[in-house]
Every structure is written in structure tokens, then in C-alpha cells.
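Below is one structure, written out as C-alpha cells, with a few remarks after it.
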Amino acid sequence: MVDEFLELSPEERDLAVVEIEAAFEQEDPPEEVERAWAEVIEHRAREVLAGRSTGRDAFEALDEIEARLRAGRG
4 MVDEFLELSP EERDLAVVEI EAAFEQEDPP EEVERAWAEV IEHRAREVLA GRSTGRDAFE
64 ALDEIEARLR AGRG
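The numbering used here applies: residue 4 is where the sequence shown begins, and numbers increase by one.
Below you can see the structure in the form of C-alpha cells.
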């Protein structure tokens, strides 16, 4: 599972970490969740503006994740 995580793009890893944290911290107030998402969004925006990330189509990324999950690799 760790190997698969490391194969993800930095943006996908950021999202995975946020979702994992949220799963463990179900009691977080909505403000904490919003703050965490704001940090991820700001980081991603800085990466794009600096030219270090080009992004990718969300539907293509979701299709790839779904295919990995169906294949038992995720």
C-alpha cells in the first residue's frame, strides 16, 4: 500500500493525507476540515503558479483511481 501511495502525484498524495486524517478525526469541527482543505488548495495553487505542477483532468484521475481499486491495487 505504501508503494502505491508513493506512486501517486504530489497532489493525489495531499488529497489522500487529508482524507486519511479526516477519517481518524471524525470529531473535527467543520472549521478544521475547511482549514485543512484551504491549506491543500493554497499549496496546489502555489505549485501551479510556480510551474511545478500542470494538474490533470479530474475525471481522468478519478477513472484511474477507480480502475486501480477495481484491480485490487488501491
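Don't be surprised by glycine CBs; every beta carbon is placed ideally from N, CA and C. Please read these numbers as outputs of a predicted model, since none were measured by experiment.
| Helix, strand or coil: how does DSSP classify R47 here? | The answer is helix: DSSP assigns R47 an H, G or I state.
| said: Taking only three categories from DSSP, how would you classify A53? | reply: When DSSP states are grouped into helix, strand and coil, A53 belongs to the coil group.
| message | Count Cβ pairs between the stretch 20-27 and the stretch 57-69 that sit closer than 8 Å; are there 3 or more? | response | Counting Cβ pairs under 8 Å, fewer than three are found: no touch.
| said: DSSP three-state label for D66, please. | reply: D66 falls in the helix class under three-state DSSP.
| task | Taking G58 as the reference, give the member of E7, M4, S12 with the closest Cα. | result | The shortest C-alpha separation from G58 is found at S12.
| message | Tell me the rounded alpha-carbon separation between A26 and R73. | response | Straight across, the Cα-Cα distance linking A26 with R73 is about 21 Å.
| Residues near E14 by beta carbon distance below 7 Å, same chain, minus five either side | Cβ neighbours of E14 beyond the five flanking positions: R47, S56.
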